[in-house]
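In order, the protein sequences belong to chains F and P.
Just so you know, the first sequence maps onto residues 1028 to 1910 in my numbering.
Just so you know, the second sequence maps onto residues 1028 to 1910 in my numbering.
Reviewing the structure listed below.
Number of protein chains: 2
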Amino acid sequence: MASESEAQRALQYEQTLMYGRYTQDLGTFAKDEAARLRLQEGDTPRPRRPSELLEYTQGRCAPCRVCALQCQRFLISKVGEDWVFLILLGLVMALVSWAMDFAIATCLQAQKWMYGGLDTNVLLQYMAWVTYPTVLITFSAGFTQILAPQAVGSGIPEMKTILRGVVLKEYLTLKTFVAKVIGLTCALGSGMPLGKEGPFVHIASMCAALLSRFLSLFGGFYENEARNIEMLAAACAVGVGCCFAAPIGGVLFSIEVTSTFFAVRNYWRGFLAATFSAFIFRVLAVWNKDEETITALFKTRFRLDFPFDLQELPAFAVIGIASGFGGALFVYLNRKIVQFMRRQKTINRFLMKKRLLFPALVTLIISTLTFPPGFGQFMAGQLTQKDTLVTLFDNQTWAKQGLSDEFEYLGILEAWRHPRSNVFVTLVVFILMKFWMSALATTIPVPCGAFMPVFVIGAAFGRLVGESMAAWFPDGIHTESNTYRIVPGGYAVVGAAALSGAVTHTVSTAVIVFELTGQISHILPVMIAVILANAVAQSLQPSLYDSIIRIKKLPYLPELGWGHHEKYNVRVEDIMVRDIRYVTLNCRYRDLQQVLHSTKMKNLPLVESAESMILLGSIERAQVGALLSNQLSPQRRLLTLRQKVLSEDGHRLSDSSIRFQISTEASSGSPARPALRKPLKPALKRVPSSPADSPPAGAADHTGIALKSLFCANSTAEPTEAQGTAYHKAKRVRISIVEEMVLGDKMTPAEILEWEEQQLDQLVDFSSAKIDPAPFQLVEHTSLHKTHTIFSLLGLDHAFVTSIGRLVGMVSLKELRKAIEGSVTAKGVKVRPPLASFRDSTASTSDADTTALRQLWDRHQHHPMPREASPGGDDDDDTPKGQ
Amino acid sequence: MASESEAQRALQYEQTLMYGRYTQDLGTFAKDEAARLRLQEGDTPRPRRPSELLEYTQGRCAPCRVCALQCQRFLISKVGEDWVFLILLGLVMALVSWAMDFAIATCLQAQKWMYGGLDTNVLLQYMAWVTYPTVLITFSAGFTQILAPQAVGSGIPEMKTILRGVVLKEYLTLKTFVAKVIGLTCALGSGMPLGKEGPFVHIASMCAALLSRFLSLFGGFYENEARNIEMLAAACAVGVGCCFAAPIGGVLFSIEVTSTFFAVRNYWRGFLAATFSAFIFRVLAVWNKDEETITALFKTRFRLDFPFDLQELPAFAVIGIASGFGGALFVYLNRKIVQFMRRQKTINRFLMKKRLLFPALVTLIISTLTFPPGFGQFMAGQLTQKDTLVTLFDNQTWAKQGLSDEFEYLGILEAWRHPRSNVFVTLVVFILMKFWMSALATTIPVPCGAFMPVFVIGAAFGRLVGESMAAWFPDGIHTESNTYRIVPGGYAVVGAAALSGAVTHTVSTAVIVFELTGQISHILPVMIAVILANAVAQSLQPSLYDSIIRIKKLPYLPELGWGHHEKYNVRVEDIMVRDIRYVTLNCRYRDLQQVLHSTKMKNLPLVESAESMILLGSIERAQVGALLSNQLSPQRRLLTLRQKVLSEDGHRLSDSSIRFQISTEASSGSPARPALRKPLKPALKRVPSSPADSPPAGAADHTGIALKSLFCANSTAEPTEAQGTAYHKAKRVRISIVEEMVLGDKMTPAEILEWEEQQLDQLVDFSSAKIDPAPFQLVEHTSLHKTHTIFSLLGLDHAFVTSIGRLVGMVSLKELRKAIEGSVTAKGVKVRPPLASFRDSTASTSDADTTALRQLWDRHQHHPMPREASPGGDDDDDTPKGQ
């Protein structure tokens, strides 16, 4: 008995530990625990846990444990705070971002150094210029491919999907993190037109996931799903924030790109983390003596007193509209390249067999074209992306008086000058070449984003318009008093914001450019251009991220877009599936089999009866399968045999039922009917009974009552372990093993078939199945617009359509998507609602639910519903009269 | 017959008009129509509509009508576009804002002119200085009081409540608009420390509401509720945007202040409208020659290359933390003043009797204290709010070397200098005095906001810290190479953002200051200060707007705040009301009466039976009342009498039933049982039968079958009017009037009592009641956190708690609020969910629902549920076998 009290204390200890978890997690926890136990039960029913626990506690003394407990509690109370997590996240991401920037700069420096050192021989120079990026990109592609193929690409589409509640495996692991960081550094270090912004959103999210897993070592706080989603949303903001040192723009951009509905209470998380991250990121630059103080990343020095003339606004509007078309074209081009590469089977087979050939080939082409002494001289090929942006945002007018050669190019600006052509030609060539290069480069299977390349192209386009305006109006437009010259740099800023806004379908690129340049004086032109660009681009193409989501066939819900009026006229009844398979409460196992064969729905509705069609809940397909396979399992067949043997031997039976009554105190009432309704509260503390052990309650065996309690003990002893019955359980299991050895399988195949047919005709016992007791319901007249709102608000996957409790149809994401656009099928991913998952967590606490369910079922089973005078004033549903 | 075809054509015409409405509106429309018809029926059953329609169409010829129709359609297609509305809204608001600014400036100019003109006599000067604002404020208070008391105050709390879906009467009317605009102009023209930002949010919303009502003259597009909510959200952004010429900050601020969950798809609306509005607002200033070009409102000219030193950051953090405490104190002070004024009965009685005395008194005190030759000289009393802000954001250091008199004050800066004290004293006095003055002034019952006063105080506080820093480090902190002096203006910007952020609990004040000053160089200090200020203020006090919401007892849902972990441990079962009254499907009218007496719930759950407790839907309290009063109505008594008479006279009966069969073509099946299930689609087109006419289907009268069809005709002829039976209806009503005159009320009171008792014992017929077929359901184990999320996501008022279809409890806003904080009861306002109102619109389409319901009810009535082998593969729920 000494060991038993020890075990009890240990269990209490575990209980206090569990207290740190959010209660809502208990459901999930219980579910996992149950699944684990069931699994254990599946292979070997060995009494593992008690012995483990004994071992665990015997090594320590009580006061020591109390002290450790208090320390742990204090740690939990501190570590569990949101702000600690957010600041840690910001800090880590700032360090990662800075370190990566440093590494990338070093890589680019090395290429420049090689290129510069070999200036005696053009061929050698070319070789160096071309080989270096090819090697880096190939390495990046290979490394990513081997370590974690999930790290390929931007990551924003995946994050959007994950934040919608879809579980994408392996997307937030340490392996992917390492692959993405190293792959991205190499890819950007190659000097290809690739960006770091999208991948940074992914990296930050992975960082948050890993950090929360790490911090959960100190306490259970980080296991809450809703909280994790909130933290991931904040992480996305951090990703953009520390990439551009743009906290506000980061938060807004991440919201626009990843969310459909945003919780304002979650706002400060993003701001706190992104601000801290951007702060540290810039402070590191100061400490490294790169900067004198904290300033913007691409600081501009436009004049403040007269940033632009009112009459220049049409030019800004033109930039906006042109960028809109350009953005749509970019998305289209990018998609077409991907689709072309997929469709061309010969190319595909060739390239895909040697997976690294395609990246190498693309890099070769692009770097050949940018080779500075070659074609690169017409497109400022020698400048890195960062230098390009710095020069484009430059304060001076390059094409002064339209005579470019009169102007003194300074430093890196020199790259834009060409002796035999003017700056306009250079800019046009740059824009055209970079456009297709970027669209092509972003399809390479390395971690890379498209934001920065697009941003640079936009800046170049803006600069082109600006230079044209400056050439057209050499003395400025303003005719009164002072002469204010046109500032082409301002146009570049507007163009950058407009084109990146058009490609990503966001307005917050405006804020990002203000934060990047450190100047907000062009706010109105930027806003006008961005809004116009968005209006044009959104009406032509999906955003780049949505386009990738569709290419990758991730589950998604299309946006309703800019005022689709016709959507208000479509109703749920027009799009719902009427012919749905369902499970009735009083069905037989044969019916379950039929339903499983006839539908592929992941969730089956459970109705009261085929006549009433009253929706009681929904049951997962897997659960139905489990019920069925349990009913037909060899174990049960064995039990049936054993039952026959046992029915002759009354002695052992009474013995075991007495033992049962001792062992399960709190839950002893559960198999017996009269007490069924009571245990609503303590129910959560028990894990659901595993299907492998549940008794065939619907079976019409006469001898089974006492026997049933044996098996009930079998199924309830497991969970009540936490209440001190572990000892008994160990004993019991040992006995059952002995029994099994004694009996063996003595049935012939024909007998088995007969037995199975017989089993299939039994009524289904739902008591062991997890039932979602409150699936989302719509009514037939709900409009498509509202359905869309609700689906995106709650992250639903499907909803049942009811009419006063009666099930009449079902709408899933697929129907909704079809109704909005066309038909694209998503597969291979499991959709789980993030906010509506409150049902998930409760579906597992099946004891309370199954109690109610079984009661209902029993009532239906034994006597038709009595029709009495209605109670009216009788409201106490815990003690119903009719029972 | 000619007139009949005319009427039919007219009805078709009306139908095409209705086509423009969103279909989801049809539900609401039908409901309103039904309510209207019922009302009409209530006082006089006259056949009004057909005659009206005839009159309406006879005046026009057919081709003319077709042409007009096409024109109208074209107009609708253009006017219905969202962007047209948004641009119109932006334009109107910009004009209003600019005109008001102009009027306010003129008012302030007038005061200055009076004050300046009377400089020979200090007493006269004082009289002018004091009388002018007193008169203006008194006028403003009186005018608002008389025209629309709803215009008093900020308006943001009310908008927050309205956007949550609560209907606040009279808050969005033309009267309130006029009162608010004129009242606000006068109040701000007085020079009191009041702001225009909050009221502008309200004005913009009213403007949007009025505009949508105006545009709906051209088409039905603007009658969609969901759309109106979206437009109101955009209008809030416009309000802030055109007030500060800050489009981005406006959008963000309005989101933070008014929403809990924000639809990202709604984002562009706010940006488009706010940008256009800000643009026009600033263009007007350019056209008026106030400005040379479009620039920021309070343009600063801080140096760009070295905005601040890293070592200054602790000072900025101090500003943030102090502002947090200051902001909380301001909210506390403001609330205490309001509560003090309410509690002090003697003062209250005195002041409230003469409602204008309080504003006048407050204005007198404040203007006396700011009198420039008096105490005002120590607090820059002569400066207007705008001038104060301009001087505070000034580029120069006032306390150069700590010796204020060495410094040359220029222009309006002169006001801050005092010969016998230095600038620190002036600033401290200014901050202290303005602090309580602003808190007091914002309690005056005039349209006014608190944002600007707080903003100015924050700027002064920041300036104070900045000047202190400048005095402490005369040569700047940076020790290397260059000397960068400290810029106190930057501190003022940080202080302004931090204090206003603390008072309003928003982060977006940071963006607003960038847009207001046109410089973003201080982004990191501003962000850090704002976040710290928010962290401090949010942990101490609610935001100013939430504080006002609580004072005004508006319905609200408190935020969960900065990581309340304990909320995760509370579950629905801990807070839900278990003892709820419900209505059963097979109850009697007596039970309804009991339920109505025993509860005050606005929505009663409808369960299948007291034993099963399966939740079928929810029914409004008013509906239950209507059912009851209908059952006991004198009309029905009369009918019972008439019925006796009629039962002797078979001739007339058959006559009327034949007439009925002619008149109702589409809906003739509805009273007969076999066809009950069919009309799901056309159901929407009919308005629900009004309770006053519905037959007592549960009555056990034998003679009633043919008679019932008469009354069914009575109830269905009304809605099918739209299908061409108006003519018959007119005839029928005339007949029933004749009948009524013939019969009269012949019962004695005792007979009536007996009859009523008899009626109460009948089973309730729910077929005429509107039933919400899908009320929101939670399960017992849902956490408080998730419940909060769902309530705020869907704007719910209450939710039923179910356990596999069984009703076990109910949670309303009240319980949730209690669980989160304490207990505050909201009353006097009707809560209606904005997004979840999809149920509202469908609840009215009761025909289809009642069909299903009645069928269920019939089944329960006549035979207990048959228990058969479950169908399994039988899924066609439209043709059930059991029926």
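Just so it is clear, CB atoms sit at the ideal spot from N, CA and C, and this is done for glycine as well.
Being a predicted model, the structure only gives us computed values, none of them experimental.
Nearest neighbour of residue 1527 (chain P) by Cα position, chosen from P:1847, P:1502, P:1560 and P:1549, turns out to be P:1560. Per DSSP, reduced to three states, the secondary structure at residue 1836 (chain P) is strand. For residue 1386 (chain P), same chain residues with a beta-carbon under 7 Å away, outside a window of 5 residues either side, are 1164, 1165, 1168, 1471, 1472 and 1473 in chain order.
Using a Cβ distance threshold of 9 Å, residue 1124 (chain P) and residue 1270 (chain P) count as a contacting pair. DSSP links residue 1829 (chain F) through a beta bridge to F:1834.
Under DSSP, residue 1799 (chain F) takes part in a beta bridge, and its partners are F:1645. Scanning its chain for C-beta atoms nearer than 7 Å, with the 5 sequence neighbours on each side dropped, one finds around residue 1362 (chain F) the residues 1574 and 1578, in chain order.
For residue 1289 (chain P), the enclosing beta strand (DSSP E) starts and ends at 1288-1290. In this structure residue 1284 (chain P) does not touch residue 1583 (chain P) by the C-beta definition: roughly 13 Å separates them, more than the 8 Å allowed. Under a criterion of Cβ atoms nearer than 7 Å, the residues of chain P adjacent to residue 1538 (chain F) are, in order, 1275. Taking 8 Å as the cut-off between beta carbons, the residues of the segment 1294-1326 of chain P near chain F are 1294, 1295, 1298, 1299, 1302, 1305, 1306, 1309, 1310, 1313, 1319, 1320, 1321, 1322, 1323 and 1326, in sequence order. Around residue 1228 (chain F), the same chain offers 1182, 1183, 1186, 1263, 1266, 1267 and 1281 as residues with beta carbons nearer than 7 Å, after the five sequence neighbours per side are excluded. When secondary structure is reduced to three states using DSSP, residue 1636 (chain P) falls in the coil class, being assigned neither helix nor strand. DSSP, read as helix, strand or coil, puts residue 1561 (chain P) in helix.
Sequence-distant partners of residue 1215 (chain P) (beyond 5 residues in either direction) whose C-beta falls short of 7 Å from its own C-beta, in its chain, are 1131, 1221 and 1223. Nearest CB-CB separation between residue 1110 (chain P) and chain F: below the 9 Å threshold.
Taking 9 Å as the threshold, the shortest C-beta distance from residue 1542 (chain P) to chain F falls below it. The shortest C-alpha to C-alpha distance from residue 1585 (chain P) to any of P:1843, P:1325, P:1161 and P:1810 is the one to P:1843. Where residue 1456 (chain F) is concerned, the enclosing alpha helix (DSSP H) starts and stops at 1450-1468.
Taking 9 Å as the CB threshold, residue 1635 (chain F) lines the interface with chain P.
In terms of beta-carbon proximity, residue 1670 (chain P) stays away from the interface with chain F, with every pair separated by 9 Å or more. Here residue 1331 (chain P) carries a coil assignment [DSSP, helix/strand/coil]. Collapsing the DSSP output to three states places residue 1577 (chain F) in a helix.
Rounded to whole angstroms, residue 1796 (chain F) and residue 1663 (chain F) show a C-alpha spacing of 17 Å. Cβ proximity to chain P below 7 Å picks out 1554, 1555, 1558 and 1561 from the segment 1552-1566 of chain F. Across the set P:1793, P:1838 and P:1661, the C-alpha of P:1661 shows the shortest separation from the C-alpha of residue 1780 (chain P). DSSP, read as helix, strand or coil, puts residue 1193 (chain P) in strand.
Minimum Cα-Cα distance from residue 1648 (chain P) among the listed residues P:1836, P:1622 and P:1629 corresponds to P:1629. In terms of beta-carbon proximity, residue 1531 (chain P) stays away from the interface with chain F, with every pair separated by 9 Å or more.
In this chain, the alpha helix (DSSP H) harbouring residue 1538 (chain F) covers 1536-1544. Taking each of F:1502, F:1468, F:1478 and F:1458 in turn and checking the Cα distance to residue 1489 (chain F), the smallest one comes out for F:1458.
For residue 1290 (chain P), a Cβ of chain F is located within less than 9 Å of the residue's own Cβ.
Taking a C-beta cut-off of 8 Å against chain P, the contacting residues of the segment 1329-1353 of chain F are 1331, 1332, 1333, 1334, 1335, 1336 and 1337, listed in chain order. For the segment 1779-1805 of chain F, residues whose beta-carbon sits nearer than 7 Å to a beta-carbon of chain P comprise 1798, 1800, 1801, 1804 and 1805. Listed along chain P, the residues sitting closer than 7 Å to residue 1546 (chain F) by beta-carbon distance are 1547. Checking the DSSP bridge columns, you'll see residue 1810 (chain P) partnered with P:1598.
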